[in-house]
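Remarks on the structure that follows.
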Amino acid sequence: MILFTDYGVTSYDIGSGFGHFAIASQDVYKLVEDIRAKGGVITREPGPVKGGKSVIAFVKDPDGYVFELIQRGPTPEPLCQVMLRVGDLDRSIKFYEKALGMRVVKKVDRPEYKYTIAMLGYAEEHETTVLELTYNYGVTEYTKGNAYAQVNLLYYYFLLD
């Protein structure tokens, strides 16, 4: 992940379309305590996700960006997820499949909570960073804000002879 600074800019509007980054940890409870001890803001205490078993927590960085912490086993990619809210889930899935060659690795509909998520990626969810598209029932549009010109996820590969 690359972080940029625009000198002279004192605030950004992050809009409502960008959700969060997610970071995997083998012990979310311990990580939350470490973050709290260092002055971090916990916006959701660790515990099971609604209607599921995965343990998650949410924290906010000093600039107000939200990060999800997900408890899972060892992973090659701790930065495991980027969540975007979309107004038309089927249209968005088709775009990422056709334009970028991604595939749906998981899709979950939660009518009791009025949302559907689709995880897209190039490998299984626990093997790589995935794009989480979230459709909230009845919401067809989100503001983009002015904080993101682009989101870059870079992977560096080195070939050794």
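Counting in the UniProt record's numbering, the sequence shown runs from 1 upward without gaps.
Just so you know, even glycine gets a beta-carbon here, dropped at the ideal spot from N, CA and C.
Keep in mind the model is a prediction, meaning the values are calculated, not measured.
C-beta contact flag for residue i and residue j at 8 Å
i	j	result
residue 192	residue 118	Outside the displayed range of the chain (1 to 161) lies residue 192, so it cannot be described from this structure.
residue 20	residue 102	no
residue 225	residue 42	In the structure as shown, the chain starts at 1 and stops at 161, and residue 225 therefore has no counterpart that could be examined.
Counted within 10 angstroms of its Cβ, other Cβ atoms place residue i as buried (16 or more) or exposed
i	result
residue 100	exposed
residue 92	buried
residue 135	buried
residue 140	exposed
residue 54	exposed
Backbone CA spacing between residue i and residue j [nearest angstrom]
i	j	result
residue 27	residue 38	17 Å
residue 52	residue 70	13 Å
residue 45	residue 56	8 Å
residue 97	residue 132	13 Å
residue 72	residue 48	12 Å
Whole-angstrom C-beta distance between residue j and residue i, which should lie under 8 Å
i	j	result
residue 144	residue 64	Going by Cβ atoms, the distance from residue 144 to residue 64 rounds to 16 Å, so no, they are not a contact pair.
residue 130	residue 81	5 Å
residue 79	residue 23	6 Å
Closer than 7 Å: residue i CB and nearest the ligand FAD heavy atom
i	result
residue 18	With respect to the ligand FAD, the structure shown offers nothing to examine, as it has no ligands at all.
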